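A.B. asks:
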Ligand code: PRP
Ligand code: MG
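In UniProt numbering, the protein residues as written are 9 to 192.
1. When burial is assigned at 16 or more other CB atoms within 10 Å of the CB, is residue 195 buried or exposed?
2. Alpha carbon to alpha carbon, how far is residue 116 from residue 29? Give it in angstroms, no decimals.
3. For residue 35, tell me which candidate among 55, 65 and 76 has the shortest Cα-Cα distance.
4. Using the Cα positions of residue 12 and residue 140, report the straight-line distance between them to the nearest angstrom.
5. With distances taken from CA atoms, which of 119, 42 and 10 is nearest residue 56?
6. Report the CB separation of residue 106 from residue 131 in whole angstroms; it is logged as a contact under 8 angstroms.
7. Please go through the UniProt domain "Phosphoribosyltransferase" (24-171) and give each complete beta strand (DSSP E) segment of 3 or more residues, from N-terminal end onward.
8. Since residue 181 and residue 21 should fall inside the 8 angstroms C-beta cutoff, what is the C-beta to C-beta distance between them, to a whole number of angstroms?
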């Protein structure tokens, strides 16, 4: 068995669930952007890498791939938290249709910041796709046009989501055993 199996309490989304949802999202995105000259996917390191790779391959419209690396300063606890740009866009997004690709929207801090930043570069449009959404983000009414799954406020890892940089490579999304992160 893979090394991580012993650390997972339960699987909440299987690799098949994720693949089916990716295909469904891709079909909607293909239709919504059919009349455009293509899409610029902007993924956020590192969490979005798996979903970005799968989504790009499921789409049938032309896409270009861009990555940014953002880090939220200080505590996740402060909603006014500062976001630091560790890696900016490499390309001019002016007049481009931008689709931000995320693995999960949790407090919404990262996304709120990005949605204020991107318009300063004059894109033609900005939308967001996230494979997962936590309850806080749902409450905060963030404009995530395409959502894969709403997941409970538990410690979920896999498919890009980490705990202390581990578990990103899991092909499924699972709840981490509390014993692993020093919980009960
Ligand atoms: C995680 C996740 C999202 C963000 C969501 O990234 O990948 O980008 O947090 O949280 P928020 O809605 O509360 O801002 P993180 O900054 O931990 O880095 P990572 O992608 O490298 O794991
Ligand atoms: Mg991230």
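Think of the CB as a built atom: it goes at the ideal place given N, C-alpha and C, for glycine as much as any other residue. The structure presented is a predicted model; accordingly, all values stated were derived computationally and were not measured.
C.D. replies: This is what the structure holds:
1. Because the chain in this structure spans residues 9 to 192, residue 195 falls outside the shown range and cannot be described.
2. Straight across, the Cα-Cα distance linking residue 29 with residue 116 is about 22 angstroms.
3. The shortest Cα separation from residue 35 among 55, 65 and 76 belongs to 65.
4. The alpha-carbon atoms of residue 12 and residue 140 are separated by roughly 21 angstroms.
5. The residue with the shortest Cα to Cα distance from residue 56 is 119.
6. Rounded, the Cβ-Cβ distance is 5 angstroms, consistent with contact.
7. List check, beta strand (DSSP E) in window: 47-52, 71-80, 91-95, 105-113, 133-141 and 154-158.
8. Going by Cβ atoms, the distance from residue 181 to residue 21 rounds to 4 angstroms, so yes, they are a contact pair.
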